[in-house]
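**Student:** If you number the sequence shown the way the numbering used here does, the last residue is 912 and the count never jumps. Just so you know, even glycine gets a beta-carbon here, dropped at the ideal spot from N, CA and C. Shown below is the structure under consideration.
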Amino acid sequence: MNKIITLSVLAFLTTTVYAKSDVNSTASSMQTQIDKLTKKIDKLEKKQKQTARGLTEVKKHDGNDNIKWDVNFRTAYNYLDYKLKNGKSVTNSSLLTNRLWLGMVAAPTDRLTFRGQLAAYSTWGANNLPANDRFQNVNWRASSKADDDIIKIRQAYFVYRLTDGNHPISFSVGRRPATDGFLANHREDLEHPGSPLAHITNMEVDGAMVRIGNAFGLEGSYLKLVLGRSYSNINQPSYTGTPYTAVGAKDENVDFFVVPMSIYNDGQVNLMAQYAAIFNFMGSKQSLVSSTNPAGATTGAGLKHMAALSMQIDGLDEDIDFLDSSTLFASIAATRTEPKDGYRMQGSANAQNGYSFWTGFIFPDLITDDGQIGIEYNYGSKYWAPETWAEDTVSGSKIATRGNAYEAYWNLPFENNHFSTQIRYTYMDYKYKSNIEEFWAKPTLLDTDVKSTQELRISFSYKY
């Protein structure tokens, strides 16, 4: 009996030992498999992280390094009618134009941005600028007056943010966005205005700028300091023995210093101002009169000052839908010419002051969902002389009118504002000669000068 018990105990103990051995063996095997799986998971996680980093770099590249493009294409029909002081009239009943803007922006870093715009502005079936136009190739209106279908640079500049904080400072150099500025964007059917105040500045220029944010401690305020060049008195071509110099005239460059500023902007009320000084401005001198220069026109005649104060109010009464969707603006401006050393500016050897005011009202048309009607009025005095060489009408600069100008337009957007139509009528009644024709000449209106102009424009624009 004892032997049987002993054998049974031995059998039990043996079975237990072997069972424990199997369990240990199984556990060891499972641990080995877990270790292998853990290593595989670690490898997969590393690959996923590498892939994620790669995708992030691709996204950064696509979002920042690539140039993003936008398009603004306009086709327009214009009816032009000019009445001369002698009673005669000149008419073009069918002027057709195409204007293309290709905008671009690239931001490779958070601090550095490039912006540019290529442009072509042409008339159907013609190049309308004659060969004897002395300002045919000046770049202050290179892509702003209807000419040919050559692509030109309208804007090209970089912006570098120097500092952050309460008064962020940025620096910029290049061809400036100096056309279709504040207040002019309504009549041009543009959502956003250019940089300057359109009342005294509307021309393509090159320069350097420093921008100071929150400059006056008021909401939306900033200050810009701009230094640039609008004209170089260079008459020697690049293939001559003395290229890029002036011969037979003073080598005076026309430079400018401009201070545009936003005084206050809360999204409803926008108050802006601008001062500009133009050095070595153009004028005339009797000693320079010749068969090729009958006006004796030259640079370096003196100093010119310009200043403007403009206010816009969006949403006149939030409780009345019509007024809440309306915009009212008003602007006053002044210019002063200071000739020197016997030169004449605007036909005078003495300093002359000019002034202007401009007002407009834009309101819903009450016919369509998004259409708006705008009415504007401009007045300019005898010696009023803004720098508005870029087109604001085909028939001449409305803002530069010395006299009265009346305008009405109807903006009709479609397809989420990607397509729009505008019907615009402009009437300019000249009391004196426009300074855009000859800024060194007397403002006196001669019999052969234009007494009044009317222009009807119907345009179709694609924007994306």
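(1) Excluding the 5 residues preceding and the 5 following Arg589 in the sequence, name in chain order all residues of the same chain whose CB lies nearer than 6 Å to its CB.
(2) Among Ser592, Phe777, Met657 and Tyr791, which has the Cα closest to the Cα of Val706?
(3) Please work out which residues of its chain come closer than 8 Å, Cβ to Cβ, to His615, disregarding the five sequence neighbours upstream and downstream, and give them in chain order.
(4) Tell me whether Gln800 is buried or exposed, calling it buried when 16 or more other Cβ atoms sit within 10 Å of its Cβ.
(5) Restricting to Cα atoms, I'd like to know which of Arg905, Tyr910, Pro685 and Ser868 is closest to Leu543.
(6) Excluding the five sequence neighbours on either side, which residues of its own chain have a C-beta within less than 6 Å of the C-beta of Ser620, listed in chain order?
(7) Does the Cβ-Cβ distance between Gly551 and Asp518 come in under 8 Å?
(8) State buried or exposed for Glu652, treating a residue as buried only when at least 16 other CB atoms are found within 10 Å of its CB.
(9) At which residue ranges does the segment 678-710 contain complete alpha helix (DSSP H) runs of 4 or more residues, listed in the order of the chain?
(10) Just verifying my parser: in three-state terms, what is the DSSP assignment at Gln794?
(11) Can you give me the C-alpha to C-alpha distance between Leu532 and Glu824, rounded to a whole angstrom?
(12) Please classify Asn883 as buried or exposed, where buried requires at least 16 neighbouring CB atoms within 10 angstroms.
(13) Under three-state DSSP, which class holds Ile815?
(14) Taking the continuous alpha helix (DSSP H) assigned at His634, which residues delimit it?
(15) Out of Val695, Gln603 and Ser845, point me to the one whose CA is closest to Gln684's CA.
(16) When we look at the beta-carbon of Phe887 and count the other beta-carbons within 10 Å, is it buried (16 or more) or exposed?
(17) Determine the closest residue to Ser773 out of Thr783, Gly802, Ile821 and Asn798, with distance taken between C-alpha atoms.
(18) Rounded to whole angstroms, what is the Cα-Cα separation between Tyr831 and Gly795?
(19) Helix, strand or coil: how does DSSP classify Ile489 here?
(20) Considering only residues of the same chain and omitting the five flanking positions on each side of Val717, which have a CB-CB separation below 6 Å?
(21) Since Met478 sits in a beta bridge, which residues does DSSP pair it with?
(22) If you compare alpha carbons, which of Thr480, Pro556 and Lys752 is closest to Ile726?
(23) Helix, strand or coil: which one does DSSP assign to Lys484?
(24) Determine the direct distance from the alpha carbon of Met876 to that of Leu631, and round the result to whole angstroms.
(25) Kindly indicate which residue of Ser477, Ser541, Asn546 and Asn798 has the alpha-carbon position closest to the one of Ala594.
(26) Provide the residue span of the beta strand (DSSP E) that contains Leu566, from first to last.
(27) Using only alpha-carbon positions, find the residue among Phe704, Ser739, Glu667 and Lys672 that is nearest to Ser715.
(28) What residues are listed by DSSP as bridge partners for Glu824?
(29) Short of 7 Å in beta carbon distance, which residues of its chain neighbour Thr816, apart from the five on each side in sequence? Order them along the chain.
(30) At which residues does the alpha helix (DSSP H) containing Leu771 begin and terminate?
(31) So, with DSSP's three-state summary, where would you put Gln760?
(32) Which value, in whole angstroms, describes the spacing of the CA atoms of Leu764 and Leu671?
(33) Am I right that Leu527 and Ser537 are in contact with their C-beta atoms under 8 Å? What's the rounded C-beta distance?
(34) Would you list the residues sitting across from His647 in a DSSP beta bridge?
(35) Could you give the DSSP three-state label for Arg589: helix, strand or coil?
(36) Could you have a look at Leu736 and say whether DSSP puts it in helix, strand or coil?
**Tutor:** Straight from the coordinates:
(1) Counting from one through the sequence shown, the residue named residue 589 turns up at place 141. For Arg589, where only same-chain residues beyond five positions count, the Cβ hits under 6 Å are Trp837 and Ala838.
(2) Here residue 706 refers to the residue found at position 258 when the sequence shown is read from its first residue. Ranking the options by Cα distance to Val706, first place goes to Met657.
(3) Looking up residue 615 in the sequence shown gives position 167. Here the set comprises Ile660, Gly661, Asn662 and Ala663.
(4) Translated into the one-based positions of the sequence shown, residue 800 becomes position 352. It is buried - the Cβ of Gln800 has at least 16 other Cβ atoms within 10 Å.
(5) As a first step, residue 543 must be located in the sequence shown, where it is residue number 95. Considering only alpha carbons, the answer is Arg905.
(6) As a first step, residue 620 must be located in the sequence shown, where it is residue number 172. Excluding residues within five positions, the ones whose Cβ falls inside 6 Å are Tyr605, Val607 and Met657.
(7) By 1-based counting over the sequence shown, the position of residue 551 is 103. By 1-based counting over the sequence shown, the position of residue 518 is 70. Against a cut-off of 8 Å, the Cβ pair of Asp518 and Gly551 comes out as a contact.
(8) In the sequence shown, the residue the question calls residue 652 occupies position 204. The residue is buried, with at least 16 neighbouring Cβ atoms inside 10 Å.
(9) none
(10) The sequence position of residue 794 within the sequence shown is 346, counting from 1. Three-state result, Gln794: coil.
(11) Position 84 of the sequence shown, counting from 1, holds the residue named residue 532. Position 376 of the sequence shown, counting from 1, holds the residue named residue 824. Whole-angstrom Cα-Cα distance: 24 Å.
(12) Working through the sequence shown from its first residue, we reach residue 883 at position 435. With 16 or more Cβ atoms within 10 Å of its Cβ, Asn883 is classed as buried.
(13) For the purposes of this step, residue 815 is identified with residue 367 of the sequence shown, where counting begins at 1. If DSSP states are grouped into helix, strand and coil, Ile815 belongs with coil.
(14) Position 186 of the sequence shown holds residue 634. Its alpha helix (DSSP H) spans residues Ala632 to Arg635.
(15) The residue given as residue 684 occupies position 236 in the sequence shown. The shortest C-alpha separation from Gln684 is found at Val695.
(16) Translated into positions along the sequence shown, residue 887 becomes position 439. Buried, since its Cβ has 16 or more Cβ neighbours within 10 Å.
(17) Reading the sequence shown from its first residue, position 325 is the one you call residue 773. That would be Ile821, whose Cα lies nearest to the Cα of Ser773.
(18) Residue mapping note: residue 831 aligns to position 383 of the sequence shown, counting from 1. Residue mapping note: residue 795 aligns to position 347 of the sequence shown, counting from 1. One alpha carbon belongs to Tyr831, the other to Gly795, and they sit about 10 Å apart.
(19) Taking the sequence shown and counting its residues from 1, the one referred to as residue 489 is at position 41. Helix at Ile489.
(20) Position 269 of the sequence shown holds residue 717. Here the set comprises Ile761.
(21) One-based indexing of the sequence shown puts residue 478 at position 30. Met478 is not bridged to any residue.
(22) Counted from its first residue, the sequence shown places residue 726 at position 278. Nearest in C-alpha terms to Ile726, of all of Thr480, Pro556 and Lys752, is Lys752.
(23) Numbered from its first residue, the sequence shown carries residue 484 at position 36. Correct three-state label for Lys484: helix.
(24) To locate residue 631, count along the sequence shown from 1; it is residue 183. To locate residue 876, count along the sequence shown from 1; it is residue 428. Taking the straight line joining both Cα atoms gives about 18 Å.
(25) Locating residue 594 in the sequence shown gives position 146, where the first residue counts as 1. Cα-wise, what sits closest to Ala594 is Asn546.
(26) As a working note, residue 566 is residue 118 in the sequence shown. Segment Leu560 to Thr571, the beta strand (DSSP E) holding Leu566.
(27) By one-based count along the sequence shown, residue 715 stands at place 267. A small correction: the amino acid at residue 715 is Gly; Ser does not occupy that position in the sequence shown. Closest by alpha carbon: Glu667.
(28) On the sequence shown, residue 824 is found 376 positions in, with the first residue counted as 1. BP columns for Glu824 point to Gly808 and Glu855.
(29) As a first step, residue 816 must be located in the sequence shown, where it is residue number 368. Cβ neighbours of Thr816 beyond the five flanking positions: Leu860.
(30) Here residue 771 refers to the residue found at position 323 of the sequence shown. First-last of the alpha helix (DSSP H) with Leu771: Asp769 to Asp772.
(31) In the sequence shown, the residue the question calls residue 760 occupies position 312. Gln760: strand per DSSP, three-state reduction.
(32) By 1-based counting over the sequence shown, the position of residue 764 is 316. By 1-based counting over the sequence shown, the position of residue 671 is 223. Leu764 and Leu671 have their C-alpha atoms roughly 27 Å apart.
(33) In the sequence shown, residue 527 corresponds to position 79, counting from 1. In the sequence shown, residue 537 corresponds to position 89, counting from 1. The identity of residue 527 in the sequence shown is Tyr, whereas the question assumes Leu. That pair is no contact at about 13 Å.
(34) Taking the first residue of the sequence shown as position 1, residue 647 is located at position 199. DSSP, once it has assigned bridges, lists no residue as partnering His647.
(35) Walking along the sequence shown from the start, residue 589 turns up at place 141. Helix at Arg589.
(36) The sequence position of residue 736 within the sequence shown is 288, counting from 1. Three-state result, Leu736: helix.
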